[in-house]
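Scroll down for the structure; my scribbles are underneath it.
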Amino acid sequence: MFEAVLFDLDGTFADTAPDLGGALNVLLAEDGLPVLPLATLRPHTSSGTRGMLRIGYGVTPDSTQFPELAKRFLTHYANALCVGSRLFPGIETLIFALEAAGTPWGIVTNKPRRFTEPLVNALPLGSRAACVVSGDTTPNPKPAPDSLLFACQALNVSPARTLYVGDDLRDITAGKAAGMPTAAANWGYLGVDHPIETWGADWIVDTPEALLHVRLQDSC
Numbered sequence: 001m002f003e004a005v006l007f008d009l010d011g012t013f014a015d016t017a018p019d020l021g022g023a024l025n026v027l028l029a030e031d032g033l034p035v036l037p038l039a040t041l042r043p044h045t046s047s048g049t050r051g052m053l054r055i056g057y058g059v060t061p062d063s064t065q066f067p068e069l070a071k072r073f074l075t076h077y078a079n080a081l082c083v084g085s086r087l088f089p090g091i092e093t094l095i096f097a098l099e100a101a102g103t104p105w106g107i108v109t110n111k112p113r114r115f116t117e118p119l120v121n122a123l124p125l126g127s128r129a130a131c132v133v134s135g136d137t138t139p140n141p142k143p144a145p146d147s148l149l150f151a152c153q154a155l156n157v158s159p160a161r162t163l164y165v166g167d168d169l170r171d172i173t174a175g176k177a178a179g180m181p182t183a184a185a186n187w188g189y190l191g192v193d194h195p196i197e198t199w200g201a202d203w204i205v206d207t208p209e210a211l212l213h214v215r216l217q218d219s220c
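So for the sequence shown, UniProt numbering puts the first residue at 1; every next one is plus one.
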């Protein structure tokens with residue numbers, strides 16, 4: 001049995017692609033560029049601003065255009081933070097089961113606190129998280145293990161007995177670096193660069209409810 005379960009936010013706990021993608025499309029429309037369908041944007045959503053601007057404008061953080069585009073994108077996102085965002089199907093069932101078993105749960109994300117806190121509080125069940133750790137809570141965000149270790153300290157649980165669930169390679173990398181068992185969320189955004197089978201997660205799960213059958217002694 002796990003002492004606690006921690007979730008990534010975007011693409012694992014909640015489907016935030018509609019609002020992140022919506023902010024990008026507002027930006028594209030402002031610049032006279034064609035908007036993109038949500039299906040095209042969804043795989044890039046876990047990379048946040050970097051992912052959205054890469055697919056929308058073909059720019060990376062080292063581009064001279066990036067800072068101004070990022071500022072405008074985040075302004076639009078802040079203005080519509082939880083319009084279309086929803087819990088993924090099955091998350092509610094999983095959370096109720098964890099709480100019934102007395103297992104604390106929390107969220108560890110790379111999203112900055114100014115977006116994380118209002119979003120989590122607006123989502124169903126979000127205010128019941130035992131801890132919420134943002135990308136700027138610790139000096140080094142994922143794939144560094146710092147934020148996950150911070151969450152374990154906050155919950156007073158052992159990393160080796162705390163499950164981390166994420167939908168991106170960096171989630172699994174961070175979890176392994178923290179000495180935590182990890183589960184890759186196959187219902188999430190998954191990125192575009194590395195197949196989920198190559199991440200090295202202890203489990204790949206297709207639904208949140210499947211996590212109820214994951215046990216420490218079964219990890220590889």
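Just so you know, even glycine gets a beta-carbon here, dropped at the ideal spot from N, CA and C.
Rounded to whole angstroms, how far is the Cβ of K176 from the Cβ of G191, which I believe are closer than 8 Å?
At roughly 17 Å, the Cβ-Cβ gap does not stay under 8 Å, so K176 and G191 are not in contact.
With burial defined as no fewer than 16 other Cβ atoms inside 10 Å of the residue's Cβ, what is the status of T173: buried or exposed?
Flag for T173 reads buried.
Buried or exposed, going by whether 16 or more other CB atoms sit within 10 Å of the CB of V83?
Classification of V83: exposed, given that the 10 Å Cβ count is below 16.
Contact check, F2 vs T103 under 8 Å by CB: the rounded distance?
Indeed they touch by this definition, with Cβ atoms about 6 Å apart.
When you compare the stretch 55-75 with the stretch 22-38, are there three or more beta-carbon pairs, one atom per stretch, that lie closer than 8 Å?
Short answer: they touch.
Beta strand (DSSP E) containing A4: first to last residue?
A4 -> beta strand (DSSP E) spans 4-7.
CA-CA distance, L28 and A17?
Between L28 and A17, the C-alpha separation is close to 16 Å.
If you drop the 5 nearest sequence neighbours on each side, which residues of the same chain put their C-beta closer than 8 Å to that of D206?
Only N186, W187 meet the Cβ criterion.
With respect to the beta strand (DSSP E) encompassing I107, which residues constitute its N-terminal and C-terminal limits?
Start and end: 105-108.
Tell me, to the nearest whole angstrom, how far the beta carbon of V108 is from that of L148; I am working on the premise that it is less than 8 Å.
The pair is a contact, with the Cβ atoms about 6 Å apart (cut-off 8 Å).
Would you identify the three-state DSSP class for Y164, choosing helix, strand or coil?
Y164 falls in the strand class under three-state DSSP.
Under 8 Å: do the stretch 86-100 and the stretch 60-69 share three or more Cβ pairs, one atom per stretch?
No, they do not touch.
Report the three-state DSSP secondary structure of T16 (helix, strand or coil).
Of the three classes helix, strand and coil, the one that applies to T16 here is coil, per DSSP.
Curious, which full-length alpha helix (DSSP H) runs of at least 4 residues does the stretch 108-173 contain?
For the stretch 108-173, whole alpha helix (DSSP H) runs of length 4 or above, ordered along the chain, are 113-122, 146-155.
Spell out the partners DSSP gives residue 260 in its beta bridges.
The question about residue 260 has no answer, for the chain in this structure spans 1 to 220.
What are the boundary residues of the beta strand (DSSP E) that includes A78?
That residue, A78, is in no beta strand (DSSP E); its alpha helix (DSSP H) goes 66-79.
Tell me which same chain residues have a C-beta within less than 8 Å of the C-beta of residue 294, skipping the five on either side of it?
Nothing about residue 294 can be read from this structure; the chain reaches only from 1 to 220.
Let's see if you can read the secondary structure: which residues bound the alpha helix (DSSP H) around T40?
Counting along the chain, the alpha helix (DSSP H) containing T40 begins and ends at 38-41.
Any idea if A14 is buried or exposed, counting beta-carbon neighbours within 10 angstroms, 16 or more meaning buried?
Buried, because 16 or more other Cβ atoms sit within 10 Å of the Cβ of A14.
In chain order, what residues of the same chain lie with their CB nearer than 7 Å to the CB of R161, ignoring the 5 residues before and after it?
Excluding positions up to five away in sequence, the list reads F2, E3, L216.
Go ahead and label A78 buried or exposed: buried means 16 or more other beta carbons lie within 10 angstroms of its beta carbon, across all protein chains shown.
It is exposed - the Cβ of A78 has fewer than 16 other Cβ atoms within 10 Å.
Report the rounded CA-to-CA distance for L119 versus S85, giving the unit in angstroms.
Rounded to the nearest angstrom, the two C-alpha atoms are 9 Å apart.
In this structure, what does DSSP give as the bridge partners for W203?
Paired residue(s): A183.
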